[in-house]
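Engineer: Quick note, the sequence shown lines up with residues 3 to 396 if you use the UniProt record's numbering.
One structure, pasted below without further comment.
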Amino acid sequence: LRTLDDFDFTGKNVLIRVDVNVPTDNGRVTDLTRLDRIVPTVLEVLKKGGKPILLSHFGRPTRGFELSLSVQQTVNALSQVLKHRVHFATSCIGETAQKAVETLPEGDVLLLENTRFHAGEKNNDPEFAKELAKLGDFFVSDTFSTAHRAHASVVGVAELLPSCAGRLMEEEIKQLEAALSKPERPVLAVVGGAKVSSKLELLTNLITPMDTIVIGGGMANTFLAAQGYNVGQSLCEHDLLDTARDILKNAKDANCEIVLPVDIVTSREFKAYSDNETLPADACPADSMILDAGPKTVEIIKSHLDKSKTVIWNGPLGAFEIHPYNTATDAAATHVAALTKAGKLLSVAGGGDTVAALNSSNAGKDFTYISTAGGAFLEWLEGKTLPGVAVLQY
Ligand code: 3PG
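Now the structure itself:
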């Protein structure tokens, strides 16, 4: 991987692909995590005398400019975390962008408008990539979280300019490799979330490298049903029962232990603080749904964690967004955090709702590493080549 160490940025325009696709509320950034994580790269470029020109997408625009998807709403938050002035250009290509680059005062940072306002971004149009490349002497990619997209500002520009990985990109790859490619064993994966269908490839790919896989959340229901248990009104993919049985069989053949709930918390309503019952996993009433794993399951998960040296976490164990169905997720995450703090476990988490789920108990901050990536984290775990990483390799 080429890194910031490989180039001399003095007096150069440095295009940096970042991911400012952060949660906002009425134009105000509500979570600074992703912005905080790009600070080291931007400051290093500044320190080395380069002019940082930030490129990013925001959301998934479908018809060009959309005010609610303008990256301008991140300017204040960015200047707050960077402690440098951040200028904004209303287009990421053409005269507007060119002028903004030329007039950028030394020591300041420039943010260009949402790359996805142009159709050429998503289909990696060579002409659009050329337009972007015109703005810089170098290209730095600090967007692991978008590395699964073969878009112009991720892959196209990297092919046109001398390019390298930023510090966040480097760190993401290093930590994920430590957890997945050469982990200290035993290694355990927690795979949660709503649907088996969205994590089928993940489960299949984890069977070989993992010693244990804890399956939780809505997707565990499909596995319970595959074992012949009644799951009542629970979220369950009845068309995937054979697939679930195949996964269980393949795991057994590969000596990978699959941990499923032995007890469940059920309710008649999908609602915070609804009346609920804790029951054995095969006893979900016909009119109820499973919303969390029960305390016996949590104890089993903890004992597996105690025996593990490495854990990879993706997805919640229950309907964590409605209390008290965050209980199993919080308890298991808190245990991972304590083992990590005690130096007994290397813990890496990422993907979709995962970070929000882990932060509900405040446990996330004690994990060894929290990835900034959602979909890209998942694709990496699935064993896929990420185009935005491949393009930076020698
Ligand atoms: C993310 O939030 O995972 C990244 O910003 C990528 O966004 P995308 O899924 O819209 O490509």
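For glycine and all other residues, C-beta sits at the position ideal for the given N, C-alpha and C.
In the structure shown, what three-state DSSP assignment does V20 receive?
Structural biologist: For this step, residue 20 is matched to residue 18 along the sequence shown. Reduced to three states, the DSSP call for V20 is coil.
Engineer: Determine the direct distance from the alpha carbon of V31 to that of P25, and round the result to whole angstroms.
Structural biologist: Here the question's residue 25 lines up with position 23 in the sequence shown. Here the question's residue 31 lines up with position 29 in the sequence shown. For P25 and V31, the distance between alpha carbons rounds to 6 Å.
Engineer: Among K201, L163, A285, which residue has its Cα nearest to the Cα of Y231?
Structural biologist: In the sequence shown, residue 231 corresponds to position 229, counting from 1. When only C-alpha atoms are compared, the closest one is A285.
Engineer: Can you tell me whether D144 is buried or exposed? The criterion is at least 16 other CB atoms within 10 Å of its CB, across all chains shown.
Structural biologist: Sequence index remark: in the sequence shown, residue 144 carries index 142 (1-based). D144 is classed as buried because its beta carbon has at least 16 other beta carbons within 10 Å across all chains shown.
Engineer: Are G66 and F119 closer than 7 Å when you measure CB to CB?
Structural biologist: Mapped onto the sequence shown, residue 66 falls at position 64. Mapped onto the sequence shown, residue 119 falls at position 117. Taking 7 Å as the Cβ cut-off, G66 and F119 qualify as a contacting pair.
Engineer: Any contact of the region 33-41 with the region 154-165, i.e. 3+ C-beta pairs under 8 Å?
Structural biologist: Taking 8 Å as the limit for Cβ pairs, the verdict is that the region 154-165 does not touch the region 33-41.
Engineer: Return yes when the C-beta of S143 is under 6 Å from any heavy atom of the ligand 3PG, and no when it is not.
Structural biologist: The residue given as residue 143 occupies position 141 in the sequence shown. No.
Engineer: Over what stretch of residues does the beta strand (DSSP E) that includes P54 continue unbroken?
Structural biologist: Position 52 of the sequence shown holds residue 54. Unbroken beta strand (DSSP E) run through P54: 53-57.
Engineer: I need the DSSP call for V393, collapsed to helix, strand or coil.
Structural biologist: As a working note, residue 393 is residue 391 in the sequence shown. Note: V393 maps to coil in three-state DSSP.
Engineer: Whole-angstrom Cβ separation of G320 and D294, contact assumed at under 8 Å?
Structural biologist: Within the sequence shown, the letter at position 318 stands for residue 320. Within the sequence shown, the letter at position 292 stands for residue 294. The pair is a contact, with the Cβ atoms about 3 Å apart (cut-off 8 Å).
Engineer: Judging by CA-CA distance, which residue of E279, G51, S310, Q82 is the nearest neighbour of V216?
Structural biologist: Along the sequence shown, one-based indexing puts residue 216 at 214. Nearest C-alpha to V216: S310.
Engineer: Quick one, which of D27, H89, Q75, E108 has its alpha-carbon nearest T12's?
Structural biologist: One-based indexing of the sequence shown puts residue 12 at position 10. Of D27, H89, Q75, E108, the residue nearest in Cα terms is E108.
Engineer: Please classify D21 as buried or exposed, where buried requires at least 16 neighbouring CB atoms within 10 angstroms.
Structural biologist: On the sequence shown, residue 21 is found 19 positions in, with the first residue counted as 1. With 16 or more other Cβ atoms within 10 Å, it is buried.
Engineer: For G168, is the beta carbon positioned less than 6 Å from some heavy atom of the ligand 3PG?
Structural biologist: For the purposes of this step, residue 168 is identified with residue 166 of the sequence shown, where counting begins at 1. Not under cutoff, so the answer is no.
Engineer: To which residues of the same chain is E381 closer than 8 Å at the C-beta, ignoring the five residues directly before and after it?
Structural biologist: Translated into the one-based positions of the sequence shown, residue 381 becomes position 379. Within the same chain, Cβ atoms closer than 8 Å to the Cβ of E381 are found at H150, L388, the five residues on either side in sequence being excluded.
Engineer: Under 8 Å by Cβ, that's how I've got S373 and L178 pegged, so tell me the actual separation to the nearest angstrom.
Structural biologist: Mapped onto the sequence shown, residue 373 falls at position 371. Mapped onto the sequence shown, residue 178 falls at position 176. Contact holds; Cβ gap of about 7 Å.
Engineer: Would you kindly work out how many angstroms separate the C-alpha atoms of D10 and A378, rounded to a whole number?
Structural biologist: For the purposes of this step, residue 10 is taken as residue 8 along the sequence shown, with counting starting at 1. For the purposes of this step, residue 378 is taken as residue 376 along the sequence shown, with counting starting at 1. So the two alpha carbons sit approximately 30 Å from each other.
Engineer: Check whether the region 197-215 and the region 330-342 are in contact - that is, three or more C-beta pairs closer than 8 Å.
Structural biologist: no
Engineer: What ranges does the beta strand (DSSP E) occupy inside the region 40-120, keeping only unbroken runs of at least 3 residues that lie completely in it?
Structural biologist: 53-57, 88-91, 111-114
Engineer: For R247, collect the residues of the same chain with a Cβ closer than 7 Å to its Cβ; drop the 5 residues on either side in sequence, then sort them by chain order.
Structural biologist: Here residue 247 refers to the residue found at position 245 when the sequence shown is read from its first residue. Excluding residues within five positions, the ones whose Cβ falls inside 7 Å are A228.
Engineer: Between the C-alpha atoms of G345 and L281, what's the straight-line distance to the nearest angstrom?
Structural biologist: Within the sequence shown, residue 345 is the residue found at index 343, counting from 1. Within the sequence shown, residue 281 is the residue found at index 279, counting from 1. For G345 and L281, the distance between alpha carbons rounds to 35 Å.
Engineer: Specify, as a first and last residue, the run of the beta strand (DSSP E) that residue 428 falls within.
Structural biologist: The structure shown does not extend to residue 428, since the chain spans only 3 to 396, so no value can be given for it.
Engineer: For my contact list, L57 and R19 are in at a C-beta cut-off of 8 Å; report their separation, rounded to the angstrom.
Structural biologist: Within the sequence shown, residue 57 is the residue found at index 55, counting from 1. Within the sequence shown, residue 19 is the residue found at index 17, counting from 1. At roughly 5 Å, the Cβ-Cβ gap stays under 8 Å, so L57 and R19 are in contact.
Engineer: Please give the ranges of any beta strand (DSSP E) in the region 189-233, keeping only runs that are unbroken, at least 3 residues long and fully inside the region.
Structural biologist: Here the runs fully enclosed are 189-193, 214-217.
Engineer: Quick check on K176: buried or exposed, where buried means 16 or more other Cβ atoms within 10 Å of its Cβ?
Structural biologist: Residue mapping note: residue 176 aligns to position 174 of the sequence shown, counting from 1. Counting Cβ neighbours within 10 Å, K176 comes out exposed, since fewer than 16 surround it.
Engineer: From A102 to V350, what distance separates their C-alpha atoms?
Structural biologist: Taking the first residue of the sequence shown as position 1, residue 102 is located at position 100. Taking the first residue of the sequence shown as position 1, residue 350 is located at position 348. Roughly 39 Å between the two C-alpha positions.
Engineer: CA-CA distance, C94 and F141?
Structural biologist: Here residue 94 corresponds to residue number 92 of the sequence shown, with the count starting at 1. Here residue 141 corresponds to residue number 139 of the sequence shown, with the count starting at 1. Those two C-alpha atoms are separated by around 14 Å.
Engineer: Between T224, T299, N252, I249, which lies nearest to H240 when the distance is taken from Cα to Cα?
Structural biologist: The residue you call residue 240 lines up with position 238 of the sequence shown. Checked all of T224, T299, N252, I249; the closest Cα to H240 is T224.
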